[in-house]
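Trainee: Please read through the structure below; I'll follow up with questions.
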């Protein structure tokens, strides 16, 4: 993930990372109950933007992980803040960046709307915290797999 965020990926590694990012967000979903519909619409739009940038179609696996809706969007929309820094590292790159543009342009606005909503939630606070940590940990673990490590190592060899 650090290599992807650095803006120094070769095309094949960048594509591989996009496939894993997209597959992660397709297979880790929020319970949809209380937040306005525009939050889930934004998530679907983000996955579509990854599909536009990625040469391998993002797909649903047999195993879907479900999280508390507030926890899910806390982590997901928090990644929009990171995207605003990552996109700067790709300013001079010809790699496709629709997914980053999408996060930055729409996600930051949703983040500003989401935080006051989250601050008013008085129930399930321990669950929200636990699910946020579980989702963040699962995201980190997802990129610590042998396959991703192998692709990044391959890219580093090309860069050396």
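In our numbering, the protein residues as written are 91 to 250.
Don't be surprised by glycine CBs; every beta carbon is placed ideally from N, CA and C.
Using DSSP bridges, identify the partner residues of residue 155.
Mentor: In DSSP, residue 155 forms a bridge with 118.
Trainee: Apart from the five residues on each side of it in sequence, which residues of its chain come closer than 8 Å, Cβ to Cβ, to residue 128?
Mentor: So the list reads 200, once near-sequence residues are dropped.
Trainee: Within 10 Å of its beta-carbon, does residue 152 have 16 or more other beta-carbons around it, so buried, or fewer, so exposed?
Mentor: It is exposed - the Cβ of residue 152 has fewer than 16 other Cβ atoms within 10 Å.
Trainee: At 3 residues or longer, and completely inside the segment 146 to 224: list those beta strand (DSSP E) runs for me, N to C.
Mentor: Listed in chain order, the complete beta strand (DSSP E) runs (minimum 3 residues) inside the segment 146 to 224 are 155 to 157.
Trainee: What separation, rounded to the nearest whole angstrom, lies between the Cα atoms of residue 189 and residue 231?
Mentor: Cα-Cα distance, rounded: 21 Å.
Trainee: So, helix, strand or coil for residue 107, using DSSP?
Mentor: In the structure shown, residue 107 sits in a helix (DSSP, three-state: H, G or I).
Trainee: Would you give the residue range spanned by the alpha helix (DSSP H) that residue 127 belongs to?
Mentor: From DSSP, the alpha helix (DSSP H) with residue 127 extends over 127 to 143.
Trainee: Which residues in the same chain have their Cβ closer than 6 Å to the Cβ of residue 248, if we skip the five residues on either side of it in sequence?
Mentor: At residue 248 the pLDDT is 49, less than 50, meaning the model places this residue with poor confidence; the figure from the coordinates comes in the next sentence. Once the five neighbours on either side are set aside, the close Cβ partners of residue 248 are 100.
Trainee: Can you tell me whether residue 112 is helix, strand or coil according to DSSP?
Mentor: Helix at residue 112.
Trainee: Have a look at 194, 179 and 160 and flag the residue whose alpha-carbon is nearest the alpha-carbon of residue 218.
Mentor: The shortest Cα separation from residue 218 among 194, 179 and 160 belongs to 160.
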